[in-house]
Amino acid sequence: MKFTSTPVSSFDSVSRGYRYYVLALLTLVFIVNFVDRQVLSVLIEPIKRDLQLTDTQLGLLSGLAFALFYVTAGVPIARLADLKSRRNLIAVCMIVWSSMTALCGTAANFAHLLLARIGVAVGEAGCVAPSHSILSDYFRPRDRATALSIYAAGASVGVFIGLLGGGWLAEAFGWRAALVIIGLPGIAVALVVLVTLREPRRGMSLPSQGAPSSSAPTHFWADLGRLLRRPTLVFIALAGGFQSMVTYGVATWLPAFFMRVHGMTPSRAGATLAVISGLVAGVGAIVGGSITARLSRNERRWLLWVPAIATVVATPSYAFAILSPSVSASLLCLVPAAFVSMVYVGPALAATHGVAGVSLRATGVALTLFVSNLLGIGGGALLVGVVSDAFVAAEPTVSLRYGLLAVLVANVPATIGYLLAANGVRDDWHE
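Counting in the working numbering, the sequence shown runs from 53 upward without gaps.
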């Protein structure tokens with residue numbers, strides 16, 4: 053198949069094969085996004101020793117400092133995606149975050165590493181919302197939950213590659229070389245996006261009578277007000293935020309936990325968790341998304357009921373894994389938790405797409421991600437680090453247990469938020 057950069061004007065003018073090529077390419081972009089974001093988790097221990105950092109500082113690097121710039125840049129970048137070329141925006145942002153990931157490997161102290169991670173955050177802010185907007189134009193509403201679940205599984209694949217590759221590279225070449233080697237390939241992927249991805253007409257996946265009369269939103273603050281007056285969107289954002297506190301908090305600190313508490317090497321911890329937190333979670337995201345897509349064709353509330361159920365299942369599994377004195381039992385309990393940990397992403401974001409509507413889709417996704425990532429990425433890793441430091445004097449070996457248990461509490465308001473969103477999703481639906 054020959055690919056060109058010619059814009060796509062109608063849904064029927066592109067083949068099914070090309071639509072899935074777009075899905076595969078944007079999923080690859082998301083994989084690189086998560087490799088560059090999450091590789092730091094398997095490098096926490098060597099970085100901690102080399103730069104003499106505390107768990108709170110490492111939580112800031114992985115969490116709050118990253119999240120503040122990620123979510124702050126995300127809304128204006130998504131606004132550009134609603135107005136300008138989404139393809140070009142994704143490519144430019146990918147070059148930025150890949151370069152800054154490599155630059156992290158040159159950091160001489162905490163401040164240098166912090167500034168480079170902020171650069172990664174700003175670049176990665178231009179990945180998800182524009183990609184979701186493009187995918188919604190290439191896939192009909194009935195197929196979006198499946199497509200977005202496949203896309204969301206890219207996060208798990210990225211975690212797999214980041215943990216496996218990062219752990220091995222850190223032992224073989226050191227953490228600095230690991231960051232440089234992992235960061236640079238993203239630039240090549242960005243060039244593939246520029247050359248082969250065709251910008252679709254906004255709303256082209258909808259029936260002609262459902263397409264918007266104008267692709268340009270009206271006024272930012274007016275549009276933001278319209279979105280905030282849809283309670284379902286607010287509940288989805290809050291629920292996703294609290295669940296992300298658990299997802300990101302646990303994912304960030306699990307490698308360090310198994311190294312400190314169970315004596316694993318970086319390569320073994322990376323390889324083991326790559327399979328569980330990466331592959332198992334990715335399969336769960338795709339399976340959960342496919343099941344939800346079928347259920348939601350007749351009842352949209354399943355888009356939010358399924359994330360609520362998955363959250364309830366994950367919580368005790370994580371708790372048993374953290375508390376188990378045996379490494380084998382701990383890893384065994386992680387498997388079901390990992391399987392359902394990413395189920396929420398595709399269905400919840402498919403609901404966000406429907407609630408936001410065509411002309412505000414990227415902004416709606418960015419607004420949801422602003423809230424969820426500020427709570428999730430910003431709060432999860434930092435909370436674990438702060439609680440761990442609070443207990444480190446009394447329990448220097450297992451203080452991370454207390455931090456990981458503390459963050460699990462966030463799954464309670466997450467479940468409540470999904471249920472409240474489910475109650476209003478039919479009334480707030482804008483396709």
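Yeah, the Cβ is synthetic: ideal placement off N, Cα and C, and Gly gets one too.
Report task. Kindly list the residues whose CB is nearer than 8 angstroms to the CB of residue 371, restricted to its own chain and excluding five residues on each side of it in sequence; keep chain order. Result -> Mapped onto the sequence shown, residue 371 falls at position 319. For residue 371, where only same-chain residues beyond five positions count, the Cβ hits under 8 angstroms are 457, 460.
Requested in this report: State the beta-bridge partners of residue 252 as determined by DSSP.
Outcome: As a position in the sequence shown, residue 252 is number 200, starting the count at 1. According to DSSP, which records beta bridges pairwise, residue 252 is partnered with 60.
Query - Three-state secondary structure assigned by DSSP to residue 136 - result: Counting from 1 along the sequence shown, the entry for residue 136 is found at position 84. In the structure shown, residue 136 sits in coil (DSSP, three-state: anything other than H, G, I, E or B).
Query raised in the report: Expressed to the nearest angstrom, what Euclidean distance is found between the alpha-carbon atoms of residue 267 and residue 300?
Result: Position 215 of the sequence shown holds residue 267. Position 248 of the sequence shown holds residue 300. Confidence is the limiting factor: at residue 267 the pLDDT is only 46, short of 50, which leaves the residue's position unreliable and the question unanswerable from this model.
Query raised in the report: To which residues of the same chain is residue 434 closer than 7 angstroms at the C-beta, ignoring the five residues directly before and after it?
Result: Residue 434 sits at position 382 when you count from the first residue of the sequence shown. The answer, listed in chain order, is 111, 112, 115, 116.
Report task. Taking residue 475 as part of the alpha helix (DSSP H), name the residues at either end of that continuous run. Result -> Along the sequence shown, read from residue 1 onward, the residue named residue 475 stands at position 423. Its alpha helix (DSSP H) spans residues 463 to 476.
Requested in this report: Between the Cα of residue 385 and those of 395, 367, 399, spot the shortest distance and give me the residue it belongs to.
Outcome: Counting from 1 along the sequence shown, the entry for residue 385 is found at position 333. Residue 385 has its Cα closest to that of 367, out of 395, 367, 399.
Query raised in the report: In or out: residue 189 buried (at least 16 other Cβ within 10 Å) or exposed?
Result: Indexing the sequence shown from 1 puts residue 189 at position 137. With 16 or more Cβ atoms within 10 Å of its Cβ, residue 189 is classed as buried.
**Report entry** Under 8 angstroms between C-beta atoms of residue 196 and residue 402
**Finding:** What you label residue 196 is simply residue 144 of the sequence shown in a count that begins at 1. What you label residue 402 is simply residue 350 of the sequence shown in a count that begins at 1. Yes.
Query raised in the report: Does DSSP put residue 191 in a helix, in a strand, or in coil?
Result: One-based indexing of the sequence shown puts residue 191 at position 139. In the structure shown, residue 191 sits in coil (DSSP, three-state: anything other than H, G, I, E or B).
Query raised in the report: Quick one: complete alpha helix (DSSP H) runs, 4+ long, within the segment 123 to 178?
Result: 138 to 156, 162 to 176, all fully within the segment 123 to 178.
Query raised in the report: Just to confirm, are residue 157 and residue 228 a CB contact at a threshold of 8 angstroms?
Result: Taking the sequence shown and counting its residues from 1, one reaches residue 157 at position 105. Taking the sequence shown and counting its residues from 1, one reaches residue 228 at position 176. Between residue 157 and residue 228, the C-beta spacing is below 8 angstroms.
Query raised in the report: In the structure shown, what three-state DSSP assignment does residue 55 receive?
Result: Locating residue 55 in the sequence shown gives position 3, where the first residue counts as 1. At residue 55 the pLDDT is 44, less than 50, meaning the model places this residue with poor confidence and gives no usable figure here.
Report task. Round the Cβ separation of residue 347 and residue 126 to the nearest angstrom and send it over; I've been treating them as touching at under 8 angstroms. Result -> In the sequence shown, counting from the first residue as 1, residue 347 sits at position 295. In the sequence shown, counting from the first residue as 1, residue 126 sits at position 74. Contact between residue 347 and residue 126 does not hold, since the beta-carbon distance rounds to 30 angstroms and is not under 8 angstroms.
**Report entry** residue 311, enclosing alpha helix (DSSP H) - first and last residue
**Finding:** Locating residue 311 in the sequence shown gives position 259, where the first residue counts as 1. Segment 283 to 314, the alpha helix (DSSP H) holding residue 311.
**Report entry** CB contact flag (residue 308, residue 216, <8 angstroms)
**Finding:** By one-based count along the sequence shown, residue 308 stands at place 256. By one-based count along the sequence shown, residue 216 stands at place 164. Cβ atoms of residue 308 and residue 216: not closer than 8 angstroms.
Query raised in the report: Do you know offhand how far residue 353's Cα is from residue 251's?
Result: Counted from its first residue, the sequence shown places residue 353 at position 301. Counted from its first residue, the sequence shown places residue 251 at position 199. Between residue 353 and residue 251, the C-alpha separation is close to 31 angstroms.
Query - Three-state class that DSSP yields for residue 67 in the structure shown - result: As a working note, residue 67 is residue 15 in the sequence shown. Residue 67: coil per DSSP, three-state reduction.
Query raised in the report: For residue 447, does the three-state DSSP call read helix, strand or coil?
Result: As a first step, residue 447 must be located in the sequence shown, where it is residue number 395. Coil, per DSSP.
Query raised in the report: CB-CB under 7 angstroms to residue 168, same chain, minus the five flanking residues each way: which ones, in chain order?
Result: Working through the sequence shown from its first residue, we reach residue 168 at position 116. Within its own chain, the residues whose Cβ lies closer than 7 angstroms to the Cβ of residue 168, once the five positions on either side in sequence are excluded, are 152, 155, 156, 159, listed in chain order.
Query raised in the report: Which residue from 467, 141, 82 puts its Cα closest to that of residue 246?
Result: Reading the sequence shown from its first residue, position 194 is the one you call residue 246. Per the Cα distances, 141.
**Report entry** Three-way DSSP call (helix, strand, coil) for residue 396 in this model
**Finding:** To locate residue 396, count along the sequence shown from 1; it is residue 344. Correct three-state label for residue 396: coil.
Query raised in the report: Where are the alpha helix (DSSP H) runs, 4 residues long or more, that stay fully inside the segment 84 to 129, in chain order?
Result: You should have 107 to 111.
Query - Residues of its chain near residue 62, where Cβ-Cβ distance is below 8 angstroms and the 5 sequence neighbours each way are ignored - result: Taking the sequence shown and counting its residues from 1, one reaches residue 62 at position 10. Excluding residues within five positions, the ones whose Cβ falls inside 8 angstroms are 253, 256.
Query raised in the report: Cα-Cα, which of 292, 465, 443 is closest to residue 398?
Result: What you label residue 398 is simply residue 346 of the sequence shown in a count that begins at 1. Looking only at 292, 465, 443, the smallest Cα-Cα distance to residue 398 is reached by 292.
**Report entry** Best match in 437, 218, 201, 383 for proximity to residue 452 [C-alpha to C-alpha]
**Finding:** On the sequence shown, residue 452 is found 400 positions in, with the first residue counted as 1. The shortest Cα separation from residue 452 among 437, 218, 201, 383 belongs to 437.
Requested in this report: Classify residue 475 as buried or exposed, calling it buried when 16 or more other Cβ atoms lie within 10 Å of its own Cβ.
Outcome: For this step, residue 475 is matched to residue 423 along the sequence shown. So residue 475 ends up on the exposed side.
Query raised in the report: Which one of 467, 317, 64, 332 has the shortest CA to CA distance from residue 192?
Result: Indexing the sequence shown from 1 puts residue 192 at position 140. When each option's Cα is compared against that of residue 192, the closest is 64.
Requested in this report: For residue 332, decide whether its Cβ has a neighbour in chain D, counting only Cβ atoms nearer than 8 angstroms.
Outcome: Any reference to chain D falls outside this structure, which holds one protein chain only.
Report task. In angstroms with no decimal places, state the Cα-to-Cα distance between residue 339 and residue 446. Result -> Numbered from its first residue, the sequence shown carries residue 339 at position 287. Numbered from its first residue, the sequence shown carries residue 446 at position 394. Each residue's alpha carbon lies about 43 angstroms from the other.
Query - Cα-Cα separation, residue 86 to residue 425 - result: Along the sequence shown, read from residue 1 onward, the residue named residue 86 stands at position 34. Along the sequence shown, read from residue 1 onward, the residue named residue 425 stands at position 373. Rounded to whole angstroms, residue 86 to residue 425 spans 14 angstroms at the Cα level.
Requested in this report: Go ahead and pull the three-state DSSP assignment for residue 359.
Outcome: Mapped onto the sequence shown, residue 359 falls at position 307. Under the three-state reduction of DSSP output, residue 359 falls in the helix class.
Requested in this report: Kindly indicate which residue of 177, 182, 93 has the alpha-carbon position closest to the one of residue 135.
Outcome: Locating residue 135 in the sequence shown gives position 83, counting from the first residue. Distance check between residue 135 and each of 177, 182, 93 places 182 closest, using alpha-carbon atoms only.
Query raised in the report: Which word fits residue 109, buried or exposed, when buried means at least 16 other C-beta atoms lie within 10 angstroms of its C-beta?
Result: Counted from its first residue, the sequence shown places residue 109 at position 57. Residue 109 should be labelled buried.
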